[in-house]
DNA sequence: ATCCCGAGGG
DNA sequence: CCCTCTGGAT
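As structure tokens, then:
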């Protein structure tokens, strides 16, 4: 594999950032609650532009009524809409959840497929959602889940100068070893929530301060 | 680029 | 009021 001193230096810096994150957030992992791969998929679809806490408030009742793909495929759409309304975008989310459930029943025997190509073919599922399902339900990461937190932190930390999620993901995949792709998302998300917040980032108490090129806005 | 969409913080 | 929260489809 061809490499350059600049790329090696970038990976070295990325490794230091990763070590600091692992030390600061030893328990970082997915916060969405689910019992099965299908429930995980539904929870991730619901998490778009919504806090995971709110998703966890609606999923217990949703999964009690429609626990698997077969049940969700037959559910009255209005009922799904009513149950997921607090998460926002409820019509799109309900429609996508049911359409995905039907496709899973018809083409995958009722079980969430563990192939990237099959996941991306599900309505409402793009790389961010597929990456999370692959890592958490299938036990292997084929990429880095780039959500709003990862996007923001990658920019501030100088890990990527891109704005498109797929390009940010490509940059992160080049910077970190494959076995870190899965955990990396949760470390960045945890840090993004606790310290490197979108609005008033807490730079003075940031464990990554010496490694961060972002100009501090707070004193 | 725009739309979908609710809830909470400041 | 404006911004943000684990996006995706048109």
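Numbering (full-length UniProt numbering), first residue to last: 1 to 219.
Using N, Cα and C, we set each Cβ at its ideal position, and we do this for glycine too.
No experiment lies behind these values; they were computed from the predicted model shown.
Option nearest residue i by Cα separation, candidates the options
i, options, result
"residue 196", "168, 154, 179, 146", "154"
"residue 170", "121, 146, 84, 138", "146"
"residue 37", "138, 105, 14", "138"
"residue 89", "202, 184, 124", "124"
"residue 22", "35, 191, 162, 106", "191"
"residue 44", "130, 183, 194", "130"
Alpha carbon of residue i to alpha carbon of residue j, nearest angstrom
i, j, result
"residue 218", "residue 204", "Caution applies to residue 218, whose pLDDT of 46 falls short of 50 and renders its modelled position unreliable; the value that the coordinates give is listed next. Rounded to whole angstroms, residue 218 to residue 204 spans 8 Å at the Cα level."
"residue 209", "residue 112", "41 Å"
"residue 65", "residue 92", "20 Å"
"residue 177", "residue 29", "18 Å"
"residue 116", "residue 132", "11 Å"
"residue 11", "residue 46", "34 Å"
"residue 75", "residue 7", "51 Å"
"residue 16", "residue 216", "20 Å"
"residue 200", "residue 51", "18 Å"
"residue 158", "residue 212", "7 Å"
"residue 202", "residue 67", "40 Å"
"residue 105", "residue 120", "16 Å"
"residue 3", "residue 107", "42 Å"
"residue 160", "residue 53", "28 Å"
"residue 35", "residue 198", "31 Å"
"residue 78", "residue 103", "19 Å"
"residue 118", "residue 9", "37 Å"
"residue 27", "residue 109", "34 Å"
"residue 162", "residue 114", "28 Å"
"residue 168", "residue 184", "13 Å"
"residue 193", "residue 134", "23 Å"
"residue 85", "residue 63", "15 Å"
"residue 166", "residue 186", "18 Å"
Short Cβ contact (7 Å threshold) for residue i with residue j
i, j, result
"residue 149", "residue 188", "yes"
"residue 172", "residue 144", "yes"
"residue 94", "residue 80", "yes"
"residue 58", "residue 83", "yes"
"residue 42", "residue 97", "yes"
"residue 141", "residue 181", "yes"
"residue 156", "residue 214", "yes"
"residue 14", "residue 207", "no"
"residue 99", "residue 72", "no"
"residue 136", "residue 40", "yes"
Outcome for residue i when other beta-carbon atoms lying within 10 angstroms are tallied against a minimum of 16
i, result
"residue 128", "buried"
"residue 151", "buried"
"residue 20", "buried"
"residue 49", "exposed"
"residue 5", "exposed"
"residue 87", "buried"
"residue 60", "exposed"
Starting from the N-terminal side, write out each stretch of the alpha helix (DSSP H) that is 4 residues or longer and does not extend beyond the UniProt domain "HhH-GPD" (46-194). 52-65, 69-74, 77-84, 90-108, 116-120, 127-137, 148-156, 165-175, 181-194
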